[in-house]
Amino acid sequence: MARRLTPEQERITRTLDRPLFVAAGAGSGKSSTLAERVAWALTPGSGEGGAPYLDSLDEVLVITFTHAAADEIKEKIRARLREGGMAGHALEVDSAWISTIHGMCSRILRRHALALGLDPGFKVAGEGVSAGLVERAVDEVCGIVQDDPAYAELRRSFELRGRAGIDGAATVFGMLRTLRDAAGSALEGFDSVEFPGTAPDVFGELSLYLDCVQRALVLGQEAKAFSSKAGEAERANLQNSLEVVGRLLSLPPSQRDAAHAAEAFGRIRRPGDAYRSKEMRELGAQIKAAYADCALAVQMAGAMRFRTQLVQLAREVDRRYAGLKAGLGVLDNDDLLSLTLRAFREHPEVAAEYGRRFRLVMVDEFQDTNAQQVRMIELLSGPGACHLCTVGDAQQSIYRFRAADVQVFRDRQASLPPSSVVELKNNFRSHDDVLRFVAHVLGRGQEGGGGLLPRFMDLVAWEGRASGFAARGLPRVSVELVCSRRQGRAQVSSQDRARVMADRVAERLACYIDAGQRPSDVALLLGRMSRLGSYLEALRSRGIECVVSGGSTFSQSEEVRLVSALLHLLANPRDTQDGLYPVLTSQMFCLSADDLLLLATRDQEEVDALTKRGIDAGLVSFDLPAGLEPSPALRSARELVARAFRRLGSWSVRDVLAAMLRESGLVARLEDGGPDGQARLANALAAVRHVGELVDEGGLGVCEASVEFDRWLEVCKLGPASLVGGGGGPVQVMTVHASKGLEFPVVAACECWGNDAPPSKGVCCENRSGSVLAALIPPEADSSWLRRDAPEDDASCTDCVDWARRLFTSSEEGEAAERARLLYVALTRAREAVVLGVSAQMSKDGSLRPLLASGVCRALFGEGLPEPGEHDGLVEYGGSEPAALRVTSLVPGPEGGCLLDDGGAGSPRELGALGDGPKAGEEPSPFVSYDVAVEDGLAVRGESARGWSPREGVFSYSSARRQLDALGGGGRDEATVLLSCDVEGNCEEPGPSDGAEADADRATSLGSAFHQLAQAMVESASSPSPERVAQTERYWRLSPRQCDRLERALARWEGSDIRREALSHACLRAEQPFFRKVESRFGSYVEGAIDLLCFDPGSPRALVVDYKTGDAGLPSQELLERHRMQAGLYANVLLGEGFDEVECAFVCVELEAGGGQPLVLRYEFGGGPSPLN
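So, in structure tokens, the structure goes:
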């Protein structure tokens, strides 16, 4: 039966004997067109002499991006063949070459395994296993770097590993992983990785900078730019630069090297703020630019020597990783690609076999491929890839983070004549209003010029599409704009913006559902899932059932973590941290604090008193303190855990876990919990199933399985499992990536804006037609310097600084373009109506951030923003009616939180509870949970107390300070918020500050190193040896500049009057911890540690010494106010411990007050403790 095709689809279907490039817009029916093309190729008359072009489906190769897409195309081909009376060919579908590219490679390698030296039974490692092996290999190589003196300079210039288990891109660990990953997707592996660019002309840049300095000194004197305090500091800075750089340039050429330049440049500060006058403004810009060029040249010249080392180390990582895989007998996905490509090159007969076999080669989602994949496919596609048809959409390329290169798509298009290029612009999915809105926002912009998506392909709505819009009378396009503004230092948190946006969007979606649209017709698509909770809460507060059905949230879900905890418990019953405690306090048992206290307490044998014990011991012995009885929940929990261990010897681990979930009543409760409960149950059962696969198929014991399951959860990118089906389901919530290939009548798109964070430093890589160009960028390089004067193309680059700027900005532009494409994908999932949530922040200068949100706002509103409130008829986008618009403005509140202005009554008002509360006369519904099953797995419903944490009510100075900063507090008011006592006391004015700007180095490592050595000085009553200092510097991975700062700070502290004063006391306590009950709005207990506590026995007076690194560039009075709150907290604690007077001396060890003495800020307190408010 012939189908009605558009002219473009007809052309694609009938063109079988030459290459094709198909640019297929969203909703253009590309999958059906590919199926139609296969059916036509098997139809008599499609080939020469009236014969079919193909004899069988064995001559067809179809490559898809996902397994689901492969299954979909298989079914469409099968249905089309049956419809066309080709039932015999339809039976060939299951064995046809229709799969992902990795599936195709696996099939080829297995068929030729013996000839290629492979085990035909090889296994493909999952993401969790391969990620764990890579980390192990990198860790082993980092161990070499740590111990080998040959890498001492590398260790001093770059951190080896990140802190708190987070390995940043600029650490050695991160750089090695980046290089290995880049080589894995390159045509020639590591041979394709190149660090282009010559060494920078450091001394030439210094000469230019020196010229600017000389001119600034002369012009500044004439313009009287140095008369202010800031001007005096800048003149001193310029004079110092003149001397340092002049001395360096006077060296003979043989002594001019990068090390000398770096050492000299480290003694020069950035240009200051003395160039605001009209006469100095232009020269100020020049000298700052010259300083930036010098800094980058010095930094890049110093880093160049590590490029070869890093590549060699990355090769070693790859070698060790290959060894680890060989030990397990597995390959990874990169191996499948690289080994297949190598097989084609080293065994041309293999490539020739498939080149002759496949006469119809089609690649779907071509925009998400890379040069390595394309080269391999071309080798399968006949001479000159004459049988290759690629189908894709550059506007939907959203997998850059998986090494997809949209430039490959464009290069392929440019390589073919116009006669081989077909565009599918007819959209069979969306209403024309949706398409006009997409074109207006991303294609043309406000003035019809270049939009956010270059070379935008506009789509045409198909006139014959059936409408599924039930919400008659409501707009097809709605925009929710939530914009926050700063007030002084205070700003609205991103969490508050997300809460407001979630509330606005939920209200819009509720209107569509109330108007007749089924909840299952509605999808909420999120660019990121970090604010998922706010959106779920907003929907459910309006009675809208919703389920998370896509996105990489599986491993973070509470129920999956519960399965992990159960597995840890079965592996080790004494593992209270990861096993027993999280299980007992989970939704399975919901044990109270009283229950846990019973387990953790026992009677003493010798005396009539209680003592503590581990909860694991209490659960085993169950000898509770006399007179106390366990609750039914505790008794049931113990019985169920004991039963699980008895079964472990004869039952499979999967069955034991499933029984625990079922017999605790959790399964029954989740089944009755509506769509959300069913979704959570699906996650739990999916986790149990995966554990079973680890144990049964992987042959692992329960102990090994607990470790491997945790590793898998760390790297798995699974979306939530689901038990929900049928047509009356809930609103679906998913990531935009998970929605690819799906469509919904009503779509809301939010959280698609990113945060404009600069690309990571370290190794910055960009793909160039199968090669990898890399730049080694030190972490201290300023992002604004890298953006300045960046070359516009590769041909304009010469030295490594040019290439660093080029690759850095290219990476930044690539990320921005991908965010715009992600928004395009989100909006084009809508069939009937779309709601766009735009969340933005307005800067002091009136500009909007993030940049994508700013661009969308310009396209919708021009240069200005509408006033808060609802606006009808304002946003014309070319549709049948203007878009509905509501603008909500947020500003920081006077006492924290924020004020909301949406143009309604009472605006602006405080942001409180959002959404629909209880109706008049109704009480809020209590939180209902269930006690555990007491017999036969039947749940008993009851009220449950909220979860308890042993850290509840505990706060520190740091946490209180963060809260106050969020409230916009400042200066002395902060101390009076925390302390109600009079904190004026006697405050000794510090000496004059040098006005130096804040150091760009991070203070954390430097401060930790200083505190550690200062503590050792107290406890050993001696100065640290040079070896001890050097060891500490290595431990904290300090840069050469930080080492110099540390040593100067130690010398300043060691010879200081304040240290001699401290040592004059009889009792010295370094790093004295405290934990004290207080009255405060921040909590009931305050904790912390005092750097150095000094006192004399019997004396009512105490001296507190607190070391401060950093603090450069702040006026003396501001420094005094900055630390007042912390001083007040220390004093409050000590006054409460019985001291009558407390003096706090904050020693700024990096600031000099004259005579080699550090700057000391003093505060005095007396009169007893006061409440901490």
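If you count the sequence shown from 1, position 729 lands on 729 in the working numbering, and the numbers rise without skipping.
Yeah, the Cβ is synthetic: ideal placement off N, Cα and C, and Gly gets one too.
Model, not experiment: these values are computed from the prediction.
Count the other C-beta atoms from every protein chain shown that fall within 10 angstroms of the C-beta of residue i, then say buried if there are 16 or more, exposed otherwise.
| i | result |
| --- | --- |
| Pro866 | buried |
| Tyr512 | buried |
| Glu988 | Because Glu988 carries a pLDDT of 38, less than 50, the predicted location of this residue cannot be relied on, and no value is offered for it. |
| Leu628 | exposed |
| Pro1100 | exposed |
| Glu243 | exposed |
| Asn755 | exposed |
| Asp318 | buried |
| Ser530 | exposed |
| Glu378 | buried |
| Thr308 | exposed |
| Thr198 | exposed |
| Gly29 | buried |
| Leu856 | A quick correction: the sequence has Val, not Leu, at residue 856. It is buried - the Cβ of Val856 has at least 16 other Cβ atoms within 10 Å. |
Give me the DSSP bridge partner(s) of residue i.
| i | result |
| --- | --- |
| Gln395 | None, per the DSSP bridge assignment. |
| Thr100 | Thr64 |
| Leu1068 | Cys1094 |
| Met734 | Leu525 |
| Phe744 | Ala830 |
| Ala749 | Leu525, Leu836 |
| Cys389 | Leu20, Met362 |
| Glu704 | According to DSSP, Glu704 bridges with nothing at all. |
| Leu424 | Ala24 |
| Asp603 | Leu610 |
Quick check: what's the CA-CA separation for residue i versus residue j?
| i | j | result |
| --- | --- | --- |
| Leu452 | Ser494 | 24 Å |
| Glu1019 | Gln1117 | 33 Å |
| Ile144 | Glu1150 | 35 Å |
| Ala1021 | Gln1015 | 10 Å |
| Glu671 | Gly677 | 6 Å |
| Gln604 | Lys612 | 9 Å |
| Ala289 | Phe226 | 20 Å |
| Glu559 | Arg635 | 23 Å |
| Ala170 | Ala775 | 12 Å |
| Val567 | Gly27 | The residue asked about is misnamed: residue 567 is Leu in this sequence, not Val. Computed Cα separation, rounded: 45 Å. |
| Gly741 | Asn427 | 14 Å |
| Ser1023 | Arg1060 | 13 Å |
| Glu316 | Cys752 | 39 Å |
| Asp1091 | Thr735 | 47 Å |
| Arg819 | Leu852 | 8 Å |
| Glu1129 | Asp1111 | Glu is not the amino acid found at residue 1129; the sequence shown has Leu there. One C-alpha to the other measures close to 20 Å. |
| Leu283 | Arg269 | 17 Å |
| Gly942 | Gly665 | With a pLDDT of 33 at Gly942, under the threshold of 50, the modelled position of this residue cannot be trusted, and the question is left open. |
| Arg1076 | Ala1070 | 18 Å |
| Pro383 | Met104 | 20 Å |
| Val350 | Val124 | 22 Å |
| Leu1159 | Cys1148 | 5 Å |
Within the 9 Å Cβ cut-off, does residue i reach chain D?
| i | result |
| --- | --- |
| Leu238 | Looking for chain D here will not work: only one protein chain is present. |
My parser needs the beta strand (DSSP E) runs of 3 or more residues fully inside the region 789 to 852; what are they? The qualifying runs are 830 to 842.
Give, in chain order, every unbroken run of the beta strand (DSSP E) that is at least 3 residues long and sits entirely within the region 752 to 779. For the region 752 to 779, whole beta strand (DSSP E) runs of length 3 or above, ordered along the chain, are 762 to 768, 771 to 777.
Which whole runs of the beta strand (DSSP E) in the region 73 to 140 are 3 residues long or more, in chain order? Runs found: 97 to 100.
Runs of alpha helix (DSSP H) lying entirely within the region 203 to 229, each at least 4 residues, in chain order: Complete alpha helix (DSSP H) runs here, min 4: none at all.
The region 359 to 369 contacting the region 392 to 402, beta-carbon criterion three pairs below 8 Å: When C-beta atoms of the region 359 to 369 are compared with those of the region 392 to 402, three or more pairs fall below 8 Å, so the two segments count as touching.
Is it true that the region 796 to 811 meets the region 760 to 768, where meeting means three or more beta-carbon pairs spaced less than 8 Å apart? Verdict: yes, contact present.
Should the region 198 to 207 be called in touch with the region 289 to 305, which here means at least 3 C-beta pairs below 8 Å? A contact is defined here as three or more CB-CB pairs under 8 Å, and the region 198 to 207 meets this definition with respect to the region 289 to 305.
Please list the segments of the alpha helix (DSSP H) lying wholly inside the region 481 to 535, counting only runs of 4 or more residues, in order along the chain. 494 to 514, all fully within the region 481 to 535.
3 or more residues per run - each beta strand (DSSP E) lying fully within the region 1114 to 1160: Unbroken beta strand (DSSP E) runs of no fewer than 3 residues, entirely contained in the region 1114 to 1160, are found at 1141 to 1154, following chain order.
Can you find at least 3 beta carbon pairs, one from the region 404 to 412 and one from the region 822 to 832, that sit closer than 8 Å? By the C-beta criterion, the region 404 to 412 is judged not to be in contact with the region 822 to 832, since fewer than 3 inter-stretch pairs fall below 8 Å.
When you compare the region 463 to 476 with the region 868 to 885, are there three or more beta-carbon pairs, one atom per stretch, that lie closer than 8 Å? Taking 8 Å as the limit for Cβ pairs, the verdict is that the region 868 to 885 does touch the region 463 to 476.
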